[in-house]
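Visitor:
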Amino acid sequence: MNRTLGWLVVLGLVAGLVMSFGVAPRDAAQGNVQRIMYLHVPSVLVAYLAFAVVLVASIVYLMTRREAADRIGHASAEVGVLFTAITITSGAIWGKPTWGTWWTWDARLTSVAVLFVMYLGYLLVRGMVDDRERAARYSAVVGIVAALDVPLVHFSVYWWRTLHQPPTMLKPGPSTMPGVFATTLLVNLAVLALVYVFLVSKRVRLLRREEEALA
331 MNRTLGWLVV
341 LGLVAGLVMS
351 FGVAPRDAAQ
361 GNVQRIMYLH
371 VPSVLVAYLA
381 FAVVLVASIV
391 YLMTRREAAD
401 RIGHASAEVG
411 VLFTAITITS
421 GAIWGKPTWG
431 TWWTWDARLT
441 SVAVLFVMYL
451 GYLLVRGMVD
461 DRERAARYSA
471 VVGIVAALDV
481 PLVHFSVYWW
491 RTLHQPPTML
501 KPGPSTMPGV
511 FATTLLVNLA
521 VLALVYVFLV
531 SKRVRLLRRE
541 EEALA
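For the sequence shown, counting from 1, position 66 maps to 396 in this note's numbering; every step adds exactly one.
Written out as structure tokens, the structure is:
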């Protein structure tokens, strides 16, 4: 199963690169730098997905104390932090030529930075608490609280004045994006979602083996 998923990820990444650089045309306003969108936007959406899974897994763990829920939450948080780091990095690379700066403390970027730090804190709690059950409990609480920042990140461009453009996806009303751009974006979103599933499944297996070794 994991091997099949791995091959799907490889094929998907190739398809995403072909769509991004071979099919989607050069943007008339921003030029080739706009192609970063095909990584930047899907990565933040997959981070949303990862943290939604952390939220659900944390609630389930606190209600049932099932170790499987804790492992899924733990793995999803790690992968979510990775995709948030990709979002911040790709956004900085995109921001330099378009805004003239790598970083600015506007509402969107600040809320993303806070999100990144909160889930680093989630992982830090796990490393600092020696008792595994207490670490799982404490981190589950952090995972629930940190999830409150996700809607703040998404809607910050509507609630405050920011340099950042409104959401490209998950926005009210019909999309105004040309079809080839939207298709390329959706292909890359599907690919990164596959990468997320692959990484989480691998990490869950490793966490299970670590627990079995400790037991």
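C-beta: ideal position from N, C-alpha, C; glycine also.
State yes or no: is the C-beta of G457 within less than 7 Å of the C-beta of G403?
Guide: The count along the sequence shown starts at 1 and reaches residue 457 at position 127. The count along the sequence shown starts at 1 and reaches residue 403 at position 73. Cβ atoms of G457 and G403: not closer than 7 Å.
Visitor: What three-state label does DSSP hand D479 in the structure shown?
Guide: If you number the sequence shown from 1, residue 479 lands on position 149. Reduced to three states, the DSSP call for D479 is helix.
Visitor: Of all the options T431, L385 and S373, which has the alpha carbon lying nearest to the alpha carbon of L412?
Guide: Start at 1 with the first residue of the sequence shown, and residue 412 comes out as number 82. Here the closest residue by C-alpha is S373.
Visitor: From G421 to T434, what does the alpha carbon distance come to, in whole angstroms?
Guide: For the purposes of this step, residue 421 is taken as residue 91 along the sequence shown, with counting starting at 1. For the purposes of this step, residue 434 is taken as residue 104 along the sequence shown, with counting starting at 1. Separation of G421 and T434 (C-alpha to C-alpha, rounded to the nearest whole angstrom) is 11 Å.
Visitor: Does R438 pass the burial test, meaning 16 or more other C-beta atoms within 10 Å, or should it be called exposed?
Guide: Reading the sequence shown from its first residue, position 108 is the one you call residue 438. Under this definition R438 is a buried residue.
Visitor: Any contact between the segment 386-398 and the segment 479-489? By contact I mean 3 or more CB pairs, one from each, below 8 Å.
Guide: no
Visitor: Taking the C-alpha atoms as reference points, what is the distance between R491 and D357?
Guide: Locating residue 491 in the sequence shown gives position 161, counting from the first residue. Locating residue 357 in the sequence shown gives position 27, counting from the first residue. Each residue's alpha carbon lies about 25 Å from the other.
Visitor: Taking the alpha-carbon of I366 as reference, which of L515, V525 and R539 has the nearest alpha-carbon?
Guide: Along the sequence shown, one-based indexing puts residue 366 at 36. Nearest C-alpha to I366: L515.
Visitor: With the cut-off set at 7 Å, would you say F381 and G410 are in Cβ contact?
Guide: Taking the first residue of the sequence shown as 1, we reach residue 381 at position 51. Taking the first residue of the sequence shown as 1, we reach residue 410 at position 80. Yes. Within cutoff.
Visitor: As an exercise, report each continuous alpha helix (DSSP H) stretch of at least 4 residues that is fully enclosed by the segment 342-405, in chain order.
Guide: 367-394
Visitor: Can you tell me whether H484 is helix, strand or coil according to DSSP?
Guide: Numbered from its first residue, the sequence shown carries residue 484 at position 154. Helix, per DSSP.
Visitor: Excluding the five sequence neighbours on either side, which residues of its own chain have a C-beta within less than 8 Å of the C-beta of K426, listed in chain order?
Guide: On the sequence shown, position 96 is the one that residue 426 refers to. So the qualifying residues of the chain are W432.
Visitor: Compute the distance between the beta-carbons of V376 and L522, then report whether it is under 7 Å.
Guide: Walking along the sequence shown from the start, residue 376 turns up at place 46. Walking along the sequence shown from the start, residue 522 turns up at place 192. Closer than 7 Å, so yes.
Visitor: Can you tell me which of the three DSSP states P547 falls into?
Guide: Beyond the ends of the chain as shown, which are 331 and 545, falls residue 547; an answer cannot be given.
Visitor: Using alpha carbons as the reference points, say which of A398, L385, Q495 and V447 lies closest to D436.
Guide: As a working note, residue 436 is residue 106 in the sequence shown. Taking only the C-alpha atoms, the option nearest D436 is Q495.
Visitor: Can you tell me the Cβ-Cβ gap for A407 and Y378, rounded? I've got them flagged as a contact below 8 Å.
Guide: Translated into positions along the sequence shown, residue 407 becomes position 77. Translated into positions along the sequence shown, residue 378 becomes position 48. For a cut-off of 8 Å, the C-beta gap from A407 to Y378 is around 13 Å, too long to register as a contact.
Visitor: Using the Cβ count rule (16 or more neighbours within 10 Å means buried), how would you classify Y488?
Guide: Here residue 488 corresponds to residue number 158 of the sequence shown, with the count starting at 1. The residue is exposed, with fewer than 16 neighbouring Cβ atoms inside 10 Å.
Visitor: Cutting at 7 Å between CB atoms, please list the residues of its own chain near V339, excluding the five before and the five after it.
Guide: Position 9 of the sequence shown, counted from the start, is the residue given in the question as residue 339. Hits under 7 Å: L524, V525 and F528.
Visitor: Here's the rule I'm using: 16 or more other beta-carbon atoms within 10 Å means buried, otherwise exposed. How should G346 be labelled?
Guide: As a working mapping, residue 346 is identified with position 16 in the sequence shown. The residue in question, G346, is buried, as its Cβ has 16 or more Cβ neighbours within 10 Å.
Visitor: Could I get the ranges of all uninterrupted alpha helix (DSSP H) runs contained in the segment 410-468, with 4 residues as the minimum, in chain order?
Guide: For the segment 410-468, the continuous alpha helix (DSSP H) assignments of 4+ residues that do not extend past its boundaries occur at 437-458, in sequence order.
Visitor: Would you mind stating whether V530 and A405 have Cβ atoms separated by less than 7 Å?
Guide: The sequence position of residue 530 within the sequence shown is 200, counting from 1. The sequence position of residue 405 within the sequence shown is 75, counting from 1. Yes, they are a contact pair.
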